[in-house]
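4 protein chains.
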Amino acid sequence: MPEAPVSVTDALALIVGEADGLDSRVQGDTAAAIDLVERAGRVFVHGAGRSGLALRMTAMRLMHLGLDVHVVGEVTTPAIHEGDLLLVASGSGTTGSIVQAARTATEVGASVLAVSTTDDSPLAELATVTLVIPAATKTDRSGSASGQYAGSRFEQALVLLGDALFHALWTRSGHSADDLWPSHANLE
Amino acid sequence: MPEAPVSVTDALALIVGEADGLDSRVQGDTAAAIDLVERAGRVFVHGAGRSGLALRMTAMRLMHLGLDVHVVGEVTTPAIHEGDLLLVASGSGTTGSIVQAARTATEVGASVLAVSTTDDSPLAELATVTLVIPAATKTDRSGSASGQYAGSRFEQALVLLGDALFHALWTRSGHSADDLWPSHANLE
Amino acid sequence: MPEAPVSVTDALALIVGEADGLDSRVQGDTAAAIDLVERAGRVFVHGAGRSGLALRMTAMRLMHLGLDVHVVGEVTTPAIHEGDLLLVASGSGTTGSIVQAARTATEVGASVLAVSTTDDSPLAELATVTLVIPAATKTDRSGSASGQYAGSRFEQALVLLGDALFHALWTRSGHSADDLWPSHANLE
Amino acid sequence: MPEAPVSVTDALALIVGEADGLDSRVQGDTAAAIDLVERAGRVFVHGAGRSGLALRMTAMRLMHLGLDVHVVGEVTTPAIHEGDLLLVASGSGTTGSIVQAARTATEVGASVLAVSTTDDSPLAELATVTLVIPAATKTDRSGSASGQYAGSRFEQALVLLGDALFHALWTRSGHSADDLWPSHANLE
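Here it is, written out as structure tokens:
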């Protein structure tokens, strides 16, 4: 719980400081994660609340790479099948709808790439690969893992990690920025 | 343009490195920005593509603070009126739909808080307050301002700055994390 | 199951025919339904898939009337409280997420207006008022209640009934069409 | 402008009455419209406000048929290319963003299927096929073409016509309802 008013720049310093060193703190097999995306027939992303928005940012970039990407819950998102990849995020690894989606995905033969704050959870048990970002979960209001509100630190790290996955995939694709540009939506 | 495959952790190091020092690089009157949000009758957020997703993350937190928040383009978003605030983001400050929305907002007597990479743009001219994040814009593919693709660096900074605005507003509200919890959506 | 190709105009004749007489087939206390909307502090709409889209059409019109309306699942939708109204639709009245939302709404003291194909369901038990549209449900593929696919007939009726609720509310408001126009979104 | 309060059932009678005979009033080459959808590589739908919601209802059904469908404005919607189909709706045929999208589509070699209240408009000029529903447009508040508010009559007809297009396509596909069921989203 904050004790006194904090300026925007001090808040920004806190936030940037909590992201510092993220590259050495992420746990899990990131090479296997890249492999899952590259081998996927289609990629489905699914997250609740702000985690879902962070994953949408990643999803848009994967679309720019030429992948066939869908956001769970959108009206034109089809059923997931064998060979597809479900990319999910849940700080606690216990969010009901996310765990259920992961279960369905594994049942049909799809892979599951999970991002979480722990690899000891129902979600991690189902996931093919789990990437762990040590950070406060949404319902942890003790203030011990972050000076920020609820799951903010995790959600910010999720945005950065999603873009790191994209960056790694992009550099492996051999495409230049100009090559990717024609993939950007042209009807808005 | 990337020259060789980069691992996820190296990509993450690049991304975290580009966010480093953001607190001292942000330009503009952040205190005035906070003031605009606190005085606003209602807050409307508007951004294209990934900037729009970043602003949605901010919008959700402002809702948690008890503000009346709307995302432009959602079906239940009403007309903006005098006394409301339009929070927009555009790397270049020239995105047509964003500039047009800013113009409408000023015409009806609403305030405009803009986040951009420059304060020399049609958007900045219309905005009540512009916060500037020095970073590559979406269409800058020269690679000089960022080692990342297109506007990624700006969009990441927008997520972090939006959460810094929230954090500053939260600490000024005098509310604890437990106080805010009941604002979270309870119907999903 | 269709036995032979049908032209668009023949399909349209089938669809219009299935909507015919809807006004005399709707069951439930429509006057009480209107009363619930008029007395509501805020209106929340919630439906899955195409039913959710139909309710969004209604939600937009209620916003035009000046009501404070939210779509469950949107990022800026706050918690529902005592005195609010939850407007839900479920053909079967058994959709898990919808029934759960109705339960939460009643627990906090909000009203629930349900549209369904039956008033003998978990949803109808929870609802303050249930309006019944006799029509096939989404999972009824027997073809006995409709010549159309799945829940199409119900979803079409839901669009029409939602607009009828709006029309009745509008005529009771005393406002002209010109009065409502300024409520339309002005930032797109 | 309504002169006296109307009950929900009377409103519903008005609405159903305005839909009556729609099958004989729709103008344009519906067989060519079906042909455009069947030959399309991918289908993109685009409409503003309630027309956009109506088209999303159609889009979901086309996805159930196994088509590759995208809603313009969603984060994972890619660029439209030669051989794709843009399905748009605009009562007046002059909505700026819709006309612009139709222009882009034709420029890249995609087809355009338009639904409108007139075939004498900038949109109809660009469209490969235009289906005309005689009905009031959104900004026609004279009350001469419909007893309902703004574009309601057109938007309702758009829902019904979209479902008629689906029904015709379905009956031509030779698939049973059970065949289509596995296409329904399985991750929610």
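So the sequence lines, in the order shown, correspond to chains L, S, B and G.
First residue of the first sequence: 6, per our numbering; consecutive thereafter.
First residue of the second sequence: 6, per our numbering; consecutive thereafter.
First residue of the third sequence: 6, per our numbering; consecutive thereafter.
First residue of the fourth sequence: 6, per our numbering; consecutive thereafter.
We treat Cβ as the ideally placed atom computed from N, Cα and C, and that holds for glycine.
Residue 158 of chain G to residue 119 of chain G span [Cα, whole Å]: 17 Å
Would residue 78 of chain L count as contacting chain G if we go by Cβ distances under 8 Å? yes
What residues of chain S sit near residue 61 of chain B, judged by a beta carbon separation below 7 Å? 80
Taking only beta carbons into account, state which residues of the stretch 87–109 of chain L come closer than 7 Å to chain S, listed in chain order. none
Would you mind telling me which residues of chain S sit closer than 9 Å to residue 58 of chain G, beta carbon to beta carbon, in chain order? Near residue 58 of chain G (Cβ distances below 9 Å), the residues of chain S are 80.
Work out the CA separation of residue 78 of chain B and residue 92 of chain G for me, nearest whole Å. 26 Å
Against residue 159 of chain L, what residues of chain G qualify as contacts under a CB-to-CB distance less than 7 Å, listed in chain order? Going along chain G, no residue has its Cβ under 7 Å from residue 159 of chain L, so there is no contact; the nearest lies around 21 Å.
Which word fits residue 8 of chain L, buried or exposed, when buried means at least 16 other C-beta atoms lie within 10 angstroms of its C-beta? Classification for residue 8 of chain L: exposed.
Could you tell me whether any non-hydrogen atom of the ligand MG is closer than 7 Å to the CB of residue 9 of chain S? No copy of the ligand MG appears in this structure; indeed no ligand is present at all.
Looking at the C-beta of residue 172 of chain L, does it have a partner C-beta in chain S at a distance below 8 Å? Interface residue, yes.
Considering just the uninterrupted stretch of the beta strand (DSSP E) at residue 69 of chain B, what are its terminal residues? Run containing residue 69 of chain B: none in the beta strand (DSSP E); it sits in the alpha helix (DSSP H), 54–69.
Proximity of residue 55 of chain S and residue 65 of chain L at Cβ, strictly below 8 Å: yes
Mapping DSSP to helix, strand and coil, what is residue 21 of chain G? helix
Name the chain S residues whose beta carbon is nearer than 7 Å to that of residue 55 of chain L? 62 and 65
Straight-line Cα distance separating residue 171 of chain S from residue 186 of chain S: 15 Å
Within the continuous alpha helix (DSSP H) that includes residue 42 of chain B, where are the two ends? For residue 42 of chain B, the enclosing alpha helix (DSSP H) starts and ends at 35–44.
From which residue to which residue does the alpha helix (DSSP H) around residue 113 of chain B run? 101–113
The beta strand (DSSP E) spanning residue 94 of chain S covers which residue range? 90–94
Where do the ends of the beta strand (DSSP E) carrying residue 118 of chain L lie? 116–121
What residues in the stretch 172–193 of chain B have a beta carbon less than 7 Å from any beta carbon of chain S? Result list: 187, 188, 189, 190, 191, 192 and 193.
From this set, S/37, S/74 and S/34, which residue's C-alpha is nearest residue 49 of chain S's C-alpha? S/74
Assuming residue 74 of chain S is part of the beta strand (DSSP E), what are its boundary residues? 74–76
Given a threshold of 16 other Cβ atoms within 10 Å of its Cβ, counted over all protein chains shown, does residue 28 of chain S qualify as buried or as exposed? buried
From what residue to what residue does the beta strand (DSSP E) around residue 164 of chain G run? No beta strand (DSSP E) contains residue 164 of chain G, which is instead part of the alpha helix (DSSP H) from 157–178.
Residue 67 of chain B to residue 58 of chain B span [Cα, whole Å]: 14 Å
Looking at chain G, is there any beta carbon in it that lies within less than 8 Å of the beta carbon of residue 139 of chain B? The beta carbon of residue 139 of chain B sits no closer than 8 Å to any beta carbon of chain G.
Cβ-based burial, residue 125 of chain G [other Cβ within 10 Å; buried from 16]: exposed
Tell me which same chain residues have a C-beta within less than 7 Å of the C-beta of residue 167 of chain L, skipping the five on either side of it? 59, 60, 62 and 63
Contact with chain G by residue 25 of chain B, beta-carbon distance below 8 Å: yes
Give me, in chain order, the residues of the same chain whose beta-carbon lies closer than 8 Å to that of residue 43 of chain S; leave out the 5 immediate sequence neighbours on both sides. 174 and 177
Determine whether the beta carbon atoms of residue 72 of chain L and residue 41 of chain L lie at a separation below 8 Å. no
Since residue 276 of chain L meets chain S, which of its residues come closer than 8 Å, beta carbon to beta carbon? The first residue shown for chain L is 6 and the last is 193, placing residue 276 of chain L beyond what the model contains.
Below 8 Å between beta carbons: does that hold for residue 19 of chain S and residue 152 of chain S? yes
Can you say whether residue 36 of chain S is buried or exposed, counting buried as having 16 or more other CB atoms within 10 angstroms of its CB? exposed
Determine which residues share a DSSP beta bridge with residue 136 of chain G and list them. Residue 136 of chain G pairs with G/120.
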